[in-house]
Structures are given as structure tokens and as C-alpha cells.
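Q: Next up is a structure, given as C-alpha cells.
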Amino acid sequence: MVATLYIDGAWRQASDGSAHDVHSPHDQRIVATVSQATQSDVQDAITAARESFDSGIFSSWSFNERSALVAKIADLLERDADLIARKESDDTGKRFIEAQYDVADVVSTFRHFAALGLKEHGRVVDVGLDHVSSRIVHEPLGVASLIGPWNYPLLQIAWKVAPALVAGCSFIVKPSELTPQSAIALMKIIEEAGTPKGVANLILGPGSVVGTPLINDPRIDLVSFTGGLTTGQTIMRAAATTIKKLALELGGKNPHIIFADADIEAAIDNAVTAAFLHSGQVCSAGTRLIVERSIHDQVVNEIVRRAGLITLGGPDDRLAETGPLISQAHLSNVSQYVEKGVAEGAQLLVGGKRSDLPEHAQGWYYLPTVLDNCTSKMFCVQEESFGPVMTVEVFDTEAQAIAIGNDTPFGLSGGVWSKDAEKAARVASALRHGTIWVNDFGPYRPAAEWGGYKQSGIGRELGEHGLGEYLEIKHIWTNNAPSRSGWFRAHE
Ligand code: TXE
0 MVATLYIDGA WRQASDGSAH DVHSPHDQRI VATVSQATQS DVQDAITAAR
50 ESFDSGIFSS WSFNERSALV AKIADLLERD ADLIARKESD DTGKRFIEAQ
100 YDVADVVSTF RHFAALGLKE HGRVVDVGLD HVSSRIVHEP LGVASLIGPW
150 NYPLLQIAWK VAPALVAGCS FIVKPSELTP QSAIALMKII EEAGTPKGVA
200 NLILGPGSVV GTPLINDPRI DLVSFTGGLT TGQTIMRAAA TTIKKLALEL
250 GGKNPHIIFA DADIEAAIDN AVTAAFLHSG QVCSAGTRLI VERSIHDQVV
300 NEIVRRAGLI TLGGPDDRLA ETGPLISQAH LSNVSQYVEK GVAEGAQLLV
350 GGKRSDLPEH AQGWYYLPTV LDNCTSKMFC VQEESFGPVM TVEVFDTEAQ
400 AIAIGNDTPF GLSGGVWSKD AEKAARVASA LRHGTIWVND FGPYRPAAEW
450 GGYKQSGIGR ELGEHGLGEY LEIKHIWTNN APSRSGWFRA HE
């Protein structure tokens, strides 16, 4: 019996007993078998979340009490870090050590929101009347559907669960069907930490089946989603019927601009990491290299050389530098994307195919790929591949670099390399993306907001705004010396 759904404070199997296998992207072996929720399970989870919220069993706790719970969850996550990292690397195929970094980031996320909960909330507004007290209070928003992707499964869920708990929301978590194990582990910890029954619920299964009611049901107040643009559009359309609050993180096609006056060695090294870390399955991957014409050959030749050196391998391969793609379907999308790029006129300099090493035969390994001679209008420059594919464009002037960097429907992140601090600052300010790195690419901190301009999403995670997404703001006006308003006549 597989009982991995967590609904109303109890672990259950699916109401019809359905379960599905999770396969390793490294070698296709079955790494877990988990319950697959039915529509009635989803309804039960929504009912439990709604009733727990409305009962005040948790939503009435103070910020301090909720922060203490979230801090305890951080401690328990730290205790089980390696166990969880193992599950994460089994599901995603990423190296165990990378999964360990991810779990450490998850712990930091919970600690950040626990600390934020202890800060002062709300404020007093001076309305200029001695007999009136006017207060802005922050209240839990209600019931949230928290839907996560497969690339950083636990981390992306943590960015939602931790603030939802601090805010006092009840919620239903739905991780990607490809990577459910770490969410199950998190839910066990949430239970162990003493979260009241019904507040946290876990539903497993494909988004198109179990995700839809999590968006449509009028009892849900907020949907926080990280995933693909098309799914984000579907969610936004569905949410319109009941005017749900939305928080969306939908990926990016992120410009990485290198000026001729940059620290070239550092820029090249970071460009390789930015594009090929986790085989490009990173929403903020620096997949659009935009390089000043005079250094194009020097930079691109060296990136190509280093891309060719990258060692691919599974979770426990100590020599591996990055791992497989998540699934056969994704591998096929990435291959087609590269083929389309070449058909459009891009020049394939390295990669462009599946790894043919015998030890990769059972896995979804795709070689780090560089496409040169690209222009902004090409499909491969405009669309996200979410694979290890770097496109290269050139520029001659600062204005051109900015224009190319902004010529995308996405706006998640970008990087700029130059030793001229004023120029770098001008470019950073002109780029319409949610995070800009100057002479760096990739680092983030839970204390800093994360999210996208344009079609990269709506709202922000992390930072202070990441908590604000889960709070309603209420103004309470109290008249301490009531009197007639005098607007309308009281008598004939
Ligand atoms: O994501 P989906 P996919 C991008 C990346 C990738 C593309 C597609 O470009 O190639 O998206 O990936 C759930 N109602 N990113 O198809 O489907 C689904 O079960 C409710 C960027 O794997 O968006 C999973 O839990 N939920 C990204 C989650 O949505 C639904 C990370 C994400 O899956 C649903 C991953 C529905 N109708 C992919 N349909 C990032 N921003 O970091 C699916 N889901």
C-alpha cells in the first residue's frame, strides 16, 4: 500500500488505490512509487485546507508563534538534510552534492521567513483626528494552492510553503509528478513540527488532472505557481473566473552581456556556469550570451573549449560536473529546439546531440551546446530551451547591448560584465529583468526578492515581498468618540 497523500492531518493512499512510479533520469530505474490522487482526494484536501483556515486553528496564531513553528521546521530539515538530498537527487538525477546545496538553501529559506515573521507587522496611520485610531493590519490571505516544478523541487516549494506558514495560510502543495519525494519528506517534517491538522496538505499527480481543481475551486484564494509559461497562461485564464490572487514564476531567457573591457577570464568562467549549471534546467540560466564584437572570437572559442570539457554523470559520479535532463520528453524538446536553431541559421559550435557514452545510454544526457551567429528574432533566442544550450549574439555599442538584452518577452534575470562601473550600472538599470548581476551571474539570497518582469511572472518570492504575497492588508478605522455623520437629514 502506498500512502503518500497528506490530507487533513493524515497520510492516505489515493481513494482508488492509484499509484505511479518515479524514474531516475540517470538510468530510468524506479526510485519511488507514490500515490496518484483522484479528484475526490483533491476535493478532500481543499475542504481540509478551507475548514482549517476558517476555524482559526492556525490563522489565529500570532506571527511569533508561527515563526517559531517555521524555525522548528528549519531545524528538522537540517537534521534530515542528507536523507532529503538523496531523494532529490534520485528524482532529478542531479548530483548528490548539488542536492545537498539545495537542501541547505531550503533551510535558509525557512530561517529567513521565520525571522521575517518576528518583525513588526502593520502600522498606525495618522489620520489627523484625535478621536480616531487608524491601523493597517496584515492578515493571512486564506487558502493557497502551491504548485511546483521539477528542476529545484524542494527549493521552489519552500519559497512558497515557508511564507504561507508564517503568514498563517492553509495550503495544498502539489509538486511536479516527476519529482514528488522531497515534498513528501517536507510534509512529514511539517507534521512532526506540530502544524495543526488540515493546514498543510499534499496532493500528488499530473498537473493537468489534479492541478486543475486547485486553480478552479472558489474555496482557493491564491495560486502560487512556478513552471512553464504555457501552464502559467492556463492558470491565469482559469483563475480569472474567481479573481484569485496569483503569484507566477515562469522562467526566462536571460541575457548575459560581456563588454570588451570586462575581466575576460572571470566572465568566460561565469558564462559557462550560467549556461550549463544543472544542464541549463534553471529559470535564471544565462543562456543568451551577448558579447562585444571585438572579443567575440576570444570569448566564444574559449567557452566552446570549456563546454566540451564538461563531464556529465549521475548522482554519485564523483567526476561529474552536471547531470541529465529530467525526462525523455524534455530531451526530445531540447534536441528539436537545437535543430530548429540550426535550421534558422545558427551555427552549431559544440554539442547539439545526446551523449553517446555507454554509461549514459539509459539516461537523458544532452551535451552542452553553443549556437553562434544568432539574432534576436530567432526562435532559439526568444524561447526558453531549459536545456544546456547557449545562443550567441554580438553588439557594437552599449545601446545595442541594452536593446538586445531587452528584446525578449521574458524578464527574469540578466548579467553584465565590465570594469567600467558607471557603464555597468547604466546597463543594469536599463535592463528590464527582475535580477541583474554585475560582474557575476547566479547568486541569490533569501533576503532579496526574486521574480520577473514581463512574461517571467507576477509578484515576487523571497525577500519581504515574498511574505506579502500571502497576506491581506486591512485598514481598521476606530472612532473613539462616535457622533452623527450629519450627511443626511435625520428628520422631515
Ligand atoms: O512545466 P509545467 P513542464 C519551463 C521550461 C520547461 C517548460 C515546460 O521551459 O521546458 O516550462 O516544463 C503543474 N494546472 N519551466 O511542462 O507543466 C505540473 O504538474 C495546474 C520553467 O514540466 O509548467 C508541475 O507541478 N498545474 C520553470 C508544474 O505545473 C499544472 C521550471 C510545472 O510544470 C497544470 C520548470 C495545470 N493545468 C519548467 N499543468 C521555472 N520557472 O523555473 C501542469 N501543472
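Numbering that gives the first Met the number 0 puts the first residue of the sequence shown at 0, with every later residue one more than the last.
Glycine included, each C-beta is placed from N, C-alpha and C at the ideal position.
All of these numbers come straight from a predicted model, not from anything done at the bench.
1) If you pair each beta-carbon of the segment 121-138 with each one of the segment 465-475, do three or more pairs fall below 8 Å?
2) How about valine 41 and alanine 31: do their beta carbons lie closer than 8 Å?
3) According to DSSP, asparagine 200 sits in a beta bridge with which residue or residues?
4) For asparagine 150, count the other beta carbons within 10 Å of its own beta carbon; 16 or more makes it buried, fewer makes it exposed. Which is it?
5) Per DSSP, which residues does tyrosine 365 bridge with? Please list them.
6) Between proline 254 and glycine 413, what straight-line distance do the alpha-carbon atoms span, to the nearest angstrom?
7) Quick one: which unbroken beta strand (DSSP E) runs of 3-plus residues sit fully inside the segment 448-472? Chain order, please.
8) Comparing alpha-carbon positions, which option in Ser455, Gly344, Ala166, Gln399 lies nearest glutamate 383?
9) Hey, could you find the ends of the beta strand (DSSP E) tyrosine 5 is sitting in?
10) Please state whether DSSP places serine 51 in a helix, a strand or coil.
11) Compare the C-alpha of threonine 477 against each of Arg28, Val131, Asp81 and name the closest.
12) In whole angstroms, give me the CA-to-CA distance for leucine 249 and serine 283.
13) Buried or exposed: isoleucine 219, going by 16 or more other Cβ atoms within 10 Å of its Cβ?
14) I need the straight-line Cα distance from glycine 141 to alanine 9, nearest angstrom please.
15) Within 10 angstroms of the Cβ of asparagine 269, are there 16 or more other Cβ atoms? Answer buried if so, exposed if not.
16) The ligand TXE and histidine 329: does any heavy atom of the ligand fall closer than 7 Å to the residue's C-beta?
17) Report yes if the CB atom of valine 69 is closer than 8 Å to the CB atom of alanine 113, and no otherwise.
18) Kindly indicate which residue of His111, Ala360, Ala48 has the alpha-carbon position closest to the one of histidine 221.
19) Nearer than 7 Å: is that true of the beta carbon of isoleucine 183 relative to any heavy atom of the ligand TXE?
20) Locate the alpha helix (DSSP H) running through proline 254, then write down its first and last residues.
21) Compute the minimum distance between the beta carbon of lysine 93 and the heavy atoms of the ligand TXE, and state whether it is under 7 Å.
22) Excluding the 5 residues preceding and the 5 following isoleucine 294 in the sequence, name in chain order all residues of the same chain whose CB lies nearer than 6 Å to its CB.
23) Under 7 Å: does the beta carbon of leucine 213 sit that close to some heavy atom of the ligand TXE?
24) In three-state terms, what does DSSP make of threonine 37?
25) Assuming leucine 276 contacts threonine 321 under a Cβ cut-off of 8 Å, what Cβ separation, rounded to an integer in Å, is found between them?
26) How far does the beta strand (DSSP E) with tryptophan 416 in it extend, from its first residue to its last?
27) Does DSSP put glutamine 27 in a helix, in a strand, or in coil?
28) Under the criterion of a Cβ to heavy atom distance below 7 Å, does leucine 249 qualify as lining the ligand TXE?
29) May I ask you to report which of helix, strand or coil DSSP gives proline 139?
30) Can you give me the C-alpha to C-alpha distance between tryptophan 449 and tyrosine 443, rounded to a whole angstrom?
31) Is isoleucine 234 near the ligand TXE, judged by its Cβ being under 7 Å from some heavy atom?
32) Roughly how many angstroms lie between the CA atoms of glycine 204 and glutamine 12, to the nearest whole one?
33) Please determine if the segment 55-69 and the segment 160-167 are in contact, where contact requires at least 3 C-beta pairs separated by less than 8 Å.
34) So for tryptophan 158, helix, strand or coil by DSSP?
35) Would DSSP call alanine 18 helix, strand or coil?
36) Does the pairing of the segment 331-348 with the segment 371-383 give three or more beta-carbon distances under 8 Å?
A: In short, the structure shows the following:
1) Short answer: they touch.
2) Residue mapping note: residue 41 aligns to position 42 of the sequence shown, counting from 1. Residue mapping note: residue 31 aligns to position 32 of the sequence shown, counting from 1. Cβ distance not < 8 Å, so valine 41 and alanine 31 don't count as in contact.
3) Translated into positions along the sequence shown, residue 200 becomes position 201. For asparagine 200, the pairing in a beta bridge is given by DSSP as Ile171.
4) As a position in the sequence shown, residue 150 is number 151, starting the count at 1. Counting of Cβ neighbours within 10 angstroms places asparagine 150 among the buried residues, the total reaching 16 or more.
5) Against the sequence shown, residue 365 aligns to sequence position 366. Bridge partners of tyrosine 365: Arg353.
6) Locating residue 254 in the sequence shown gives position 255, where the first residue counts as 1. Locating residue 413 in the sequence shown gives position 414, where the first residue counts as 1. Between proline 254 and glycine 413, the C-alpha separation is close to 5 Å.
7) Runs found: none.
8) The sequence position of residue 383 within the sequence shown is 384, counting from 1. Comparing alpha-carbon positions, the option among Ser455, Gly344, Ala166, Gln399 lying closest to glutamate 383 turns out to be Ser455.
9) Taking the sequence shown and counting its residues from 1, one reaches residue 5 at position 6. Unbroken beta strand (DSSP E) run through tyrosine 5: 4-6.
10) The residue you call residue 51 lines up with position 52 of the sequence shown. Serine 51: helix per DSSP, three-state reduction.
11) To locate residue 477, count along the sequence shown from 1; it is residue 478. Residue Val131 is the option with its Cα nearest to threonine 477.
12) As a first step, residue 249 is located in the sequence shown; it is residue number 250 there, counting from the start. As a first step, residue 283 is located in the sequence shown; it is residue number 284 there, counting from the start. Those two C-alpha atoms are separated by around 10 Å.
13) What you label residue 219 is simply residue 220 of the sequence shown in a count that begins at 1. So isoleucine 219 counts as buried.
14) Translated into the one-based positions of the sequence shown, residue 141 becomes position 142. Translated into the one-based positions of the sequence shown, residue 9 becomes position 10. Those two C-alpha atoms are separated by around 21 Å.
15) Taking the sequence shown and counting its residues from 1, the one referred to as residue 269 is at position 270. Residue environment: asparagine 269 is assigned as buried (16 or more neighbouring CB atoms within 10 Å of its CB, all protein chains considered).
16) Your numbering for residue 329 matches position 330 in the sequence shown. At least one heavy atom of the ligand TXE is nearer than 7 Å to the Cβ of histidine 329, so yes.
17) As a working note, residue 69 is residue 70 in the sequence shown. As a working note, residue 113 is residue 114 in the sequence shown. Less than 8 Å separates the beta-carbon of valine 69 from that of alanine 113.
18) Translated into the one-based positions of the sequence shown, residue 221 becomes position 222. Residue 221 is actually leucine in this sequence, not histidine. With distances taken between CA atoms, leucine 221 lies nearest to Ala48 out of His111, Ala360, Ala48.
19) For the purposes of this step, residue 183 is taken as the residue at position 184 of the sequence shown. A distance criterion of 7 Å places the beta-carbon of isoleucine 183 beyond contact range of the ligand TXE, judged by its closest non-hydrogen atom.
20) Position 255 of the sequence shown holds residue 254. DSSP places proline 254 in no alpha helix (DSSP H) but in the uninterrupted beta strand (DSSP E) bounded by 254-257.
21) For the purposes of this step, residue 93 is taken as residue 94 along the sequence shown, with counting starting at 1. Not under cutoff, so the answer is no.
22) The count along the sequence shown starts at 1 and reaches residue 294 at position 295. Ala259.
23) Mapped onto the sequence shown, residue 213 falls at position 214. Correct: leucine 213 has its Cβ closer than 7 Å to the ligand TXE.
24) Taking the sequence shown and counting its residues from 1, one reaches residue 37 at position 38. DSSP places threonine 37 in coil when its eight states are reduced to three.
25) As a working note, residue 276 is residue 277 in the sequence shown. As a working note, residue 321 is residue 322 in the sequence shown. 7 Å between Cβ atoms; contact.
26) Residue numbering aside, residue 416 sits at position 417 when the sequence shown is read from its first letter. That run of the beta strand (DSSP E) goes 412-416.
27) Translated into the one-based positions of the sequence shown, residue 27 becomes position 28. In the three-state scheme derived from DSSP, where H, G and I count as helix and E and B as strand, glutamine 27 is classed as coil.
28) On the sequence shown, position 250 is the one that residue 249 refers to. Within the chosen limit of 7 Å, the ligand TXE reaches the beta carbon of leucine 249 through at least one heavy atom.
29) For the purposes of this step, residue 139 is taken as residue 140 along the sequence shown, with counting starting at 1. Residue state, collapsed to three classes: strand.
30) Numbered from its first residue, the sequence shown carries residue 449 at position 450. Numbered from its first residue, the sequence shown carries residue 443 at position 444. Looking at the two C-alpha atoms, the distance is approximately 8 Å.
31) In the sequence shown, counting from the first residue as 1, residue 234 sits at position 235. Checking the Cβ of isoleucine 234 against the ligand TXE gives yes.
32) Here residue 204 refers to the residue found at position 205 when the sequence shown is read from its first residue. Here residue 12 refers to the residue found at position 13 when the sequence shown is read from its first residue. Cα-Cα distance, rounded: 12 Å.
33) Pairwise C-beta distances place the segment 55-69 in contact with the segment 160-167, as three or more of them are shorter than 8 Å.
34) In the sequence shown, residue 158 corresponds to position 159, counting from 1. Here tryptophan 158 sits in helix by DSSP.
35) As a first step, residue 18 must be located in the sequence shown, where it is residue number 19. Assignment of alanine 18 by DSSP, reduced to helix, strand and coil, places it in the strand class.
36) At 8 Å Cβ cutoff, the stretches touch.
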